[in-house]
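Count along the sequence shown from 1, add 257, and you get the number used in the numbering used here. In what follows, a structure is listed as structure tokens, so that the remarks can point back to it.
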Amino acid sequence: MSAQQLDVKKSWQAIRRHRLLVGVVAAVGLLAGIGYAFLVPPMYSAAALVVLPPPPSSAAGSTAGSQSIDTQVYIAESGPVLNSAGQNLNPALSTDVVRGRVTATAVTEDVIRIDAQGTTAGQATQLANAVARVYLVFVTTDQKLPGDLGKRTGARMLEEAANAHGGNKLVHTGIYGGLGALLGAILGAIIVLARVRGDRRLRLRDEIADAVGLPILASVSSYRATDPSDWANLLEHYAPTAVDAWALRKTLHNLALDLKSGQPASLTVISFADDDKARPLGPQLAAFAGSVGISTSLVIDQHHDKPSNSVSLEIHLVLVDREAPHLDGTEHTTRTIIALSAGTVTAEELARLAVATVQDDRTIDGMVVTDPDPFDRTIGRVAQAQRRGGSRLPTLLTGTARRTR
Numbered sequence: 258m259s260a261q262q263l264d265v266k267k268s269w270q271a272i273r274r275h276r277l278l279v280g281v282v283a284a285v286g287l288l289a290g291i292g293y294a295f296l297v298p299p300m301y302s303a304a305a306l307v308v309l310p311p312p313p314s315s316a317a318g319s320t321a322g323s324q325s326i327d328t329q330v331y332i333a334e335s336g337p338v339l340n341s342a343g344q345n346l347n348p349a350l351s352t353d354v355v356r357g358r359v360t361a362t363a364v365t366e367d368v369i370r371i372d373a374q375g376t377t378a379g380q381a382t383q384l385a386n387a388v389a390r391v392y393l394v395f396v397t398t399d400q401k402l403p404g405d406l407g408k409r410t411g412a413r414m415l416e417e418a419a420n421a422h423g424g425n426k427l428v429h430t431g432i433y434g435g436l437g438a439l440l441g442a443i444l445g446a447i448i449v450l451a452r453v454r455g456d457r458r459l460r461l462r463d464e465i466a467d468a469v470g471l472p473i474l475a476s477v478s479s480y481r482a483t484d485p486s487d488w489a490n491l492l493e494h495y496a497p498t499a500v501d502a503w504a505l506r507k508t509l510h511n512l513a514l515d516l517k518s519g520q521p522a523s524l525t526v527i528s529f530a531d532d533d534k535a536r537p538l539g540p541q542l543a544a545f546a547g548s549v550g551i552s553t554s555l556v557i558d559q560h561h562d563k564p565s566n567s568v569s570l571e572i573h574l575v576l577v578d579r580e581a582p583h584l585d586g587t588e589h590t591t592r593t594i595i596a597l598s599a600g601t602v603t604a605e606e607l608a609r610l611a612v613a614t615v616q617d618d619r620t621i622d623g624m625v626v627t628d629p630d631p632f633d634r635t636i637g638r639v640a641q642a643q644r645r646g647g648s649r650l651p652t653l654l655t656g657t658a659r660r661t662r
């Protein structure tokens, strides 16, 4: 997969992840478009046709005194014609307003079409006819005009403007509202991409695994605990969903801690002190292990005494500082994992924690991600070198069962 494809994929994932912000900006654009539609009412359009007779022919068969259709169009759109036409309306319109609403085009070599717009159907038809009549006055006068037109043109009205079309307020509002929503969505996407451009936090399981070269053992939904009663309820009444229960069971199994008898084992769960979504993982594991028949105790290092040896599994919860992590004074256990939530840690912070763990003579057995990105289809258990090889990789599927050969 090329770097460009990765950038596009990440950009699209970022937009989907912040779809609420994009939706809010799009809604603001929609309201702005509707407001503009009410401030600028829909315009009606009408058209009048003027015909020019063919130029006279000489005895030799060549044309003499032939008029230029481009010259006629120029006269129809000239300032004097538009000014006079605007003054003939009630209420009168300035030359600049008329110039913005009137367009003269050559339909054929002998026919000129004059299109006019107005805020009402009557104004549009009156303006088209007024321009056509003033134009006829200009080209049939005795005065010398560009091209020596004079009365030789013999121009006349071919078809007056009688009906106007357009002016549908619902369509007008829908067009401007939709355009505003589209521009708002584009602006929201640009804002999201500008915000995430410098965001180095890791969100995908593969990114987290690649940062320190450790596998992701499982992904679990976090438990919201904000006060002591929430923590007590977690330890006493934790009932994970079937998906989370399976993920916790896999974690214990991968760490060889799911044996209900045998030698006592211990596990250290390290997480950042300010990661509210990852802190409850240790108590979640302890509560789940107890629910499946594994006698378990939870030890919060440096705050509680060491429990007795009558339990099969001790889970030690260790909280470290994000900027300067250290594990001095904490008890060593048979297994060690890192708990972190998606989108809260950078590769540098995770590497500092891994270095501090190794310096304390510990071996990190894996990581558990809480509240994974809903659009993350990676699993975090494939080596980075394999991913760069371009081969087809396993992805995480949700709600889909496939038979593979």
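Beta carbons are placed, not taken as given, at the ideal position from N, Cα and C, and that holds for glycine.
Between which two residues does the beta strand (DSSP E) carrying residue i extend?
i	result
Val477	Ile473 to Val477
Asp327	Taken as a continuous stretch (DSSP letters only), Asp327 belongs to no beta strand (DSSP E), being part of the alpha helix (DSSP H) at Ile326 to Ala333.
Between residue i and residue j, is the Cβ-Cβ spacing less than 7 Å?
i	j	result
Met624	Leu524	no
Thr627	Ser479	yes
Leu461	Asp633	yes
Ala522	Ala475	no
Ala363	Val330	yes
Ala530	Thr430	no
Ala421	Ala378	yes
Ala496	Trp488	no
Val307	Ala373	no
Ile621	Thr593	yes
Ala446	Val279	yes
Gly423	Tyr301	yes
Val282	Leu440	no
Ala502	Gly637	no
Ala333	Ala361	yes
Thr590	Asp532	no
Ala705	Leu492	For the chain, the structure presents residues 258 to 662; residue 705 sits outside this window and is missing.
Pro629	Ala599	yes
Ala349	Gly357	no
Leu584	Asp618	no
Arg536	Ser528	yes
Per DSSP, which residues does residue i bridge with? Please list them.
i	result
Asp372	Ala304 and Thr360
His573	Thr525 and Val556
Gly623	Ile594
Gly423	Tyr301
Arg458	Thr603
Ile416	Before going further, note that residue 416 is Glu rather than Ile in the sequence given. Answer is Leu306.
Using C-beta distances below 8 Å, list every residue in its chain close to residue i, excluding the 5 sequence neighbours before and after it, in chain order.
i	result
Asn425	Pro299
Leu654	Because Leu654 carries a pLDDT of 45, less than 50, the predicted location of this residue cannot be relied on, and no value is offered for it.
Gly437	Gly286, Leu287, Leu288, Ala289, Gly290, Ile291 and Tyr293
Gln346	Residue identity check: residue 346 is Leu in the sequence provided, not Gln. Once the five neighbours on either side are set aside, the close Cβ partners of Leu346 are Gln380, Gln383, Leu384 and Ala387.
Leu512	Leu474, Leu524, Arg592, Ile594, Asp622 and Gly623
Arg276	none
Lys534	Ser479, Ser598, Thr601, Thr627 and Asp628
Lys507	Leu474 and Ala475
Counting only the same chain and skipping the five closest in sequence on each side, list residues whose C-beta sits under 7 Å from that of residue i.
i	result
Ala468	Leu459, Ala604, Leu607 and Ala608
Gly336	Thr352
Thr365	none
Pro582	Arg609, Leu610 and Ala613
Arg273	Phe632
Asn340	Thr352
Val453	Ala271
Ser268	Leu450
Which residues bound the alpha helix (DSSP H) around residue i?
i	result
Glu464	Arg462 to Val469
Leu278	Arg276 to Leu296
Gly336	Gly336 to Gln344
Arg634	No alpha helix (DSSP H) contains Arg634, which DSSP labels as neither H nor E.
Thr382	Ala378 to Val396
Whose C-beta lies closer than 6 Å to the C-beta of residue i among residues of the same chain, with five residues either side of it excluded?
i	result
Leu574	Val526, Gly539 and Ile557
Ala305	Ile371, Ala385, Asn386, Ala389, Glu417 and Ala418
Tyr668	For the chain, the structure presents residues 258 to 662; residue 668 sits outside this window and is missing.
Gly375	Tyr301, Ala381 and Leu384
Can a CB atom of chain C be found closer than 7 Å to the CB of residue i?
i	result
Ala385	Considering every chain present, this structure includes no chain C. It has just one protein chain.
For this session: Within the segment 480-542, note down every full alpha helix (DSSP H) run reaching 4 residues or more, in order along the chain.
Result: Taking 4 residues as the shortest admissible run, the segment 480-542 contains the following complete alpha helix (DSSP H) segments, listed from N- to C-terminal end: 485-494 and 499-511.
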